[in-house]
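Sequential numbering from 215 applies to the sequence shown in the numbering used here.
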Amino acid sequence: MEKERLPVTDLSLRHLLEERTDDLQRVKAEYDNYRKQVRRDRMAVREIAVANVLRALLPVLDAVDRTCRHEPITPGLHDIADTLRTQLASLGLQSFGEKGDAFDPAFHDAVAHHVSADAEQLVCTQILRRGYQVGEHLLRPAHVEVVGPPRPDADSQLGHDREI
């Protein structure tokens, strides 16, 4: 549209104008892509930094939880525990691992496996240490005890069905 209004008669000058306009549009597009990439990189660095800080604070949270379970809860301890959990949650920390959850090896580390003929699938029966994640980042898997059905290949692993 702009090109039609210009009273340029020289073809080489018109060609130069079109070339410079194309260059300008290309540079603008590259700059827009660069800004978007920088924004994504900053967000990724922020997420990694938050995950690292939260991972470093998990032993503190574990110690507070242990203390709350084994010691009489004083108003001061209650305040500290609530404030710590609230502040960590505001950074996106989410805990997982509940009794009765289906066992998921991506989120649970089974430290004990009990066999039950009644069980249809592996189920968490005891949570030994809670798991935590922030966003899509797994900070720590939950340590659990599981109950599940007997493995169909358990006899063959023990050598009972071995052919000689």
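Beta carbons: idealized from backbone N, C-alpha and C, even for Gly.
For this session: Could you work out which residue in P289, Q340, R234 and L302 is closest to A265 when comparing CA atoms only?
Result: Closest option to A265, Cα to Cα, is L302.
Problem set entry | As assigned by DSSP and simplified to three states, the class of A326 | Strand at A326.
Exercise. G345 and L353: beta carbons closer than 9 Å?
Worked result: In this structure, L353 lies closer than 9 Å to G345 by Cβ.
Problem set entry | Expected contact under 8 Å - CB spacing of G314 and H322 to nearest Å | Between G314 and H322, the beta carbon gap of about 12 Å keeps them out of contact (Cβ cut-off 8 Å).
For this session: Less than 8 Å between the CB atoms is what I'm expecting for V325 and T339, so what's the real figure, rounded?
Result: Contact doesn't hold; Cβ gap of about 12 Å is too wide.
Exercise. Using DSSP with H/G/I as helix, E/B as strand and the rest coil, what is E334?
Worked result: E334 falls in the coil class under three-state DSSP.
Problem set entry | Inter-residue spacing [alpha-carbon to alpha-carbon] between V358 and D318 | So the alpha carbons of these two residues sit roughly 11 Å apart.
For this session: With a threshold of 16 other CB atoms inside 10 Å of the CB of I341, please say whether the residue is buried or exposed.
Result: By the neighbour-count criterion, in which 16 or more other beta carbons inside 10 Å mark a residue as buried, I341 falls on the buried side.
For this session: Measure the C-alpha to C-alpha separation of A316 and A331 and round it to an integer number of angstroms.
Result: So the alpha carbons of these two residues sit roughly 17 Å apart.
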